[in-house]
Amino acid sequence: MTDSRTSSHPAPTEEEQAARPVGTYPPTQELLDAPDDPQARAEREAQLREAWKTPRGWRYLSAVNNTEVGAWYALSAFGFMLCAGVLALLIRVQLAVPDNDFLSADRFNQFFTMHGSAMMFLFAVPMFEAISILLLPAFLGARDMPFPRLSAYGYWCFLIGGSFVLGSVLFNVAPKSGWFMYPPLATEQEGIGPDIWLLGLSFIEIASIAAAVELIVGVIKCRPPGMRINIMPLYAWYVLVVGVMILFAFPPLIAGDFLFELQRSLDWPFFDPDRGGDPMLWQHLFWIFGHPEVYIVFLPSIAIAAMVVPTASQRPIVGYSWIVLSAVGVGFLSFGLWVHHMFTTGLPSLSLGFFSAASQAVVIPTGVQIFAFVATLMVGRVKMIQPMLWIAGALAIFTMGGLTGVMVAIAPFDWQVHDTYFIVAHLHYTLFGGLVFPLLGGVYYFYPFFTKRMMSDRLGRISFWTTFIGFNVCFLPMHLTGLMGMPRRVASYSSDMGWDWLNLLSSVGSFIVATGILIFAWDLVRPKRDQPLAPRNPWNGGTLEWSHDVPAEAWGSRSVPYVSSRYPLWEDDKFLERLDGGRFYIPDAPEGKRETLVTSAVDAEPQGALPITGPAWCTIWAAAFTGGAFILPVFKLYWLASLSGAGAVACVVYWLWTATAQVPKAPDRDVGLGLRLPVYVTGFRAPGWWAMFITMLGDATAFASIVFGVFFFWTARPDFPPEGAAHADATLIALSALGFVLAWGATITAREVNRRGRQRAARALVGAGVLCTLGAAGAMGLALWLPGMAPSSHAYPATMYALGVWVGAHSGAGVVMLLYCLAGSWAGKLTPRYDADLVNTTLFWHFLCLMGLVTALMMGVFPRLAS
Amino acid sequence: MVLAPTVWAFHFVFCYAVMSVACIKLGAPDIARLGVAALTVIALGIIGFLGWRAWVQWNFRPGDNYKHDRPTESQRREFLGHGGFLLSIVSAVGVIFDALPIFIIESCI
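As given, the protein sequences belong to chains A and B, one line each in that order.
The opening position of the first sequence corresponds to residue 576 in this note's numbering, with each subsequent residue numbered one higher.
The opening position of the second sequence corresponds to residue 13 in this note's numbering, with each subsequent residue numbered one higher.
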């Protein structure tokens, strides 16, 4: 029984042996039933409580625990949602009667732009991340997220960026060209509005990607031992799918923002047709993001439904595999629909048909999960618990939104209703049904888990019916308003049009919705100190989150369980007793450190007990400086912005240096149940490696979007590259490519040499890598500059320069990482045995080398072939 | 498990590229239609193969428990096979849907 892991591998080396688990796994029945000493148990409990103590007083702000950060995140996102809701009400007041002058047209434009932008970027996506940060560790019986400080950093970035973007509306400088910011309207707009949108939201998108990376790694690496991929909660499946979608959907928008901001601040004409650009590129990049975005907000809410439905039915979900299929299928297919937002832009009809068909196809997987829910409800004994009411309402509303979605996916129908209120009605039906209702239901459902108190059943029902009725009163008539020809985004209309009563009805409805949401908000925040504590498992759910501690404890899970079924609380009657008794894994904290178990990606076999980061201020500083780097350029303060950016890098380096990949005192530790696990792992066993890999996948997607831009210009424009245009110098480009390959080779060799204990040679190689990188980036810069390519003259040199800027910035990051490893090697933080930093840097370099080579091809070879 | 949808994704991207180049650069709708048809046949072939492999991995026997909810390696394998099989069906439907317009639309306009 012992050494079950090591025996399956051929003769591991001594170092590998040290990084392997030793002992019994899976745990035997005797081990699980072994009695323990109450006094030792109390001691272990005290250790754990001390290690996970939440800071008090003003230091509370330095907390990084998922329960704290998640709650702040969720409340901030809800606050932004209320603000965006107020904007919606003002819009509805303006439109209530014809020829109204309550708002000026200019302010109306700002309001609808900010309403859409805030609801999408400051509420929908962050709310998913907030709720997932709050819930995911509990679903997985984990102590915390794998990178708690990263969550905190993401949160502070979100708060700063969100306040900045939304605050602009108070100063009458908000963006006003609609939430999708089409050029040329947005590129030509005077003032700082578009810059606020581009820079502020890029900042938040980066924070969103950070959270997505963390959630993906959480699902892949932080599942409890035994939770194989076929028994993990559906919520985790959805988080995985949505995280991956964010990773591929947001980068195109970031790439678009990058090009857009280069045009606004440096006048590089990507979207200016007079100089070889094309505004359609923005539409493509925006909607490659924008359509998956709809599913990015929809799937997490459906995930909540997937947790509530089995509890309400008091039975396991029907068709688990089918729901996984549906989540993964939607995740893929939703990337093939973006052009259905662009049916009226004059694309070839063959392409239209193609995207129209793809838009129809996504209905299949979407429908499958709804049928699975209905089936579960049919075969179970449904208790109409209050959260289920919201889920039922959501299914009804979403289905209606889905049906109009099938209608507008048909190109000729879309031509009729494009940019009318029919679209407004459709998108609000999908978003309310697909996001708001399940989310509010989820809050009612999980509230006892969050706060250990119950929300009011009566207020919940009142709030539901008010919101549900108000919503339909507001948005159902809009279908008709749209069919009668009212375009969206008009500040007023004449009473001759016959839209009066429909608009008035919608406005009345909007205030009913607002009342419902306010009742919910009151129920959420009203003081509940006098109320008794909620029962531990108030809805009798079967999944791990209902093993939480009442009253609350900060350690997440008393011990990390061994899981052997999808619904441990229903199917294993000794589970809770063992969990609470600390008779599973890591029930203690002998060194006073916060730790989490790391398991293998598919079968969740334990691989390590890794320390994770605790409370810190450097994350807040890092967020503040990052904010400066994004916000100051809005006011053309480029030098200050660069300084701020340097400050952010310094904070991040400090944070990594002092808290991550520390050389441990002992190589492994006893985690309980007869198992010893390493406390330091590298490569694909380590969460840090996965985080780097996943981040770089996203980054490579952004790069690919810029490359797509080059091909797009080539197909869409006859003058790309223009005749007789200067091309990048071929020799220098070849040198640059060589430099990237050499730097990459040096990094890989350094890793191998370091592992063999030859640290001086490794340092020399890392140093050589730095020089090669600088040489490669320099050669690329010269290759563009020497032939006299002027980026503001035409989109061709501009895209070449944009690629150069992108690769240059990444080369800078590559150099910083190499120098970090060099310093680590000197300081004894990076040793032959403990080399995670260098392993992760090598991983970064695989991607950087690829980017360098692709860029060299795009600059040196492609234009010569194309012209 | 995600190989079949990945084939769908590549089919999608290549079809889009073929249509754009053939229609906008060359103005030749027939090339676009033939190209898409060829890509579709290839994609369906690969998806069919992946689906067959997933079916074998699923190891479905009528009357069995196919909830795949036990904590064993074989159940996990069969679960991934089941998921992969279902996903290859959805992917095949997606590929066929994407190719339908070439039968109906004969021009690039």
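Don't be surprised by glycine CBs; every beta carbon is placed ideally from N, CA and C.
Listed by chain order, chain D residues near residue i by CB distance under 7 angstroms
i	result
residue 899/A	The chain inventory of the structure shown lacks chain D, comprising the protein chains A and B.
Local Cβ density within 10 Å of residue i, reported as buried at 16 or more and exposed below that
i	result
residue 681/A	exposed
residue 106/B	buried
residue 751/A	buried
residue 813/A	buried
residue 1412/A	buried
residue 579/A	Bear in mind that the predicted position of residue 579/A carries a pLDDT of just 41, short of 50, making it unreliable; the figure below should be weighed with that in mind. Exposed is the call here.
residue 708/A	buried
residue 1069/A	exposed
residue 587/A	Residue placement at residue 587/A is poorly supported in this model, since its pLDDT is 49, which falls under 50; the coordinates still yield a value, given next. The residue is exposed, with fewer than 16 neighbouring Cβ atoms inside 10 Å.
residue 1318/A	buried
residue 959/A	exposed
residue 584/A	Only weak support exists for where residue 584/A lies, its pLDDT of 44 falling under 50; the coordinates are left without a value.
residue 764/A	buried
residue 745/A	exposed
residue 625/A	exposed
residue 935/A	buried
residue 1332/A	exposed
residue 1105/A	exposed
Which listed residue (the options) has its alpha carbon closest to that of residue i
i	options	result
residue 940/A	1314/A, 905/A, 922/A	905/A
residue 719/A	1373/A, 1185/A, 1356/A	1185/A
residue 18/B	56/B, 82/B, 121/B	56/B
residue 1297/A	1439/A, 1057/A, 775/A, 1081/A	1439/A
residue 33/B	1357/A, 1289/A, 1317/A, 1402/A	1289/A
residue 1427/A	1418/A, 1203/A, 1308/A	1308/A
residue 1422/A	1111/A, 1322/A, 808/A, 753/A	1322/A
residue 525/A	1253/A, 1268/A, 1381/A, 1424/A	Beyond the ends of chain A as shown, which are 576 and 1442, falls residue 525/A; an answer cannot be given.
residue 1072/A	790/A, 1058/A, 1085/A	1058/A
residue 1085/A	955/A, 1041/A, 1356/A, 1293/A	1041/A
residue 786/A	1119/A, 889/A, 729/A	729/A
residue 970/A	1173/A, 987/A, 1145/A, 947/A	947/A
residue 1242/A	1433/A, 1252/A, 895/A	1252/A
residue 1232/A	1404/A, 943/A, 760/A, 944/A	1404/A
residue 821/A	795/A, 704/A, 888/A, 887/A	704/A
residue 68/B	97/B, 74/B, 40/B	97/B
For residue j and residue i, believed in contact at Cβ under 8 angstroms, the rounded distance
i	j	result
residue 90/B	residue 70/B	6 angstroms
residue 980/A	residue 1001/A	6 angstroms
residue 637/A	residue 1191/A	6 angstroms
residue 918/A	residue 989/A	5 angstroms
residue 766/A	residue 1064/A	At roughly 19 angstroms, the Cβ-Cβ gap does not stay under 8 angstroms, so residue 766/A and residue 1064/A are not in contact.
residue 1431/A	residue 1311/A	6 angstroms
Distance CB(residue i)-CB(residue j) smaller than 9 angstroms
i	j	result
residue 656/A	residue 698/A	yes
residue 1010/A	residue 1364/A	no
residue 847/A	residue 838/A	yes
residue 903/A	residue 25/B	no
residue 1392/A	residue 1416/A	yes
residue 909/A	residue 937/A	yes
residue 1366/A	residue 1354/A	no
residue 1015/A	residue 1280/A	no
residue 554/A	residue 775/A	Outside the displayed span of chain A (576 to 1442) sits residue 554/A, for which this structure offers no information.
residue 976/A	residue 1005/A	yes
residue 1370/A	residue 1292/A	yes
residue 1135/A	residue 1260/A	no
residue 1246/A	residue 1181/A	yes
residue 1176/A	residue 806/A	no
residue 693/A	residue 748/A	no
Contact test: residue i Cβ vs the ligand PLP heavy atom, cutoff 8 angstroms
i	result
residue 1325/A	In the structure shown, the ligand PLP is absent, as is every other ligand, since no ligand is present at all.
Enumerate, from N- to C-terminal direction, the unbroken alpha helix (DSSP H) stretches of 4 or more residues contained entirely within the region 942-1029 of chain A. 961-983, 986-992, 996-1006, 1012-1026
Any alpha helix (DSSP H) of 4 or more consecutive residues that is wholly inside the region 594-669 of chain A: 604-608, 613-626
Length-filtered (4 minimum) alpha helix (DSSP H) runs lying within the region 892-951 of chain A: 895-908, 924-936
Beta strand (DSSP E) runs wholly inside the region 1213-1253 of chain A, at least 3 long, in chain order: 1243-1247, 1250-1253
Ordered list of alpha helix (DSSP H) runs contained in the region 1299-1371 of chain A, each at least 4 residues: 1305-1330, 1334-1360
Which complete alpha helix (DSSP H) runs does the region 1074-1149 of chain A hold, if anything under 4 residues is left out? 1075-1100, 1143-1146
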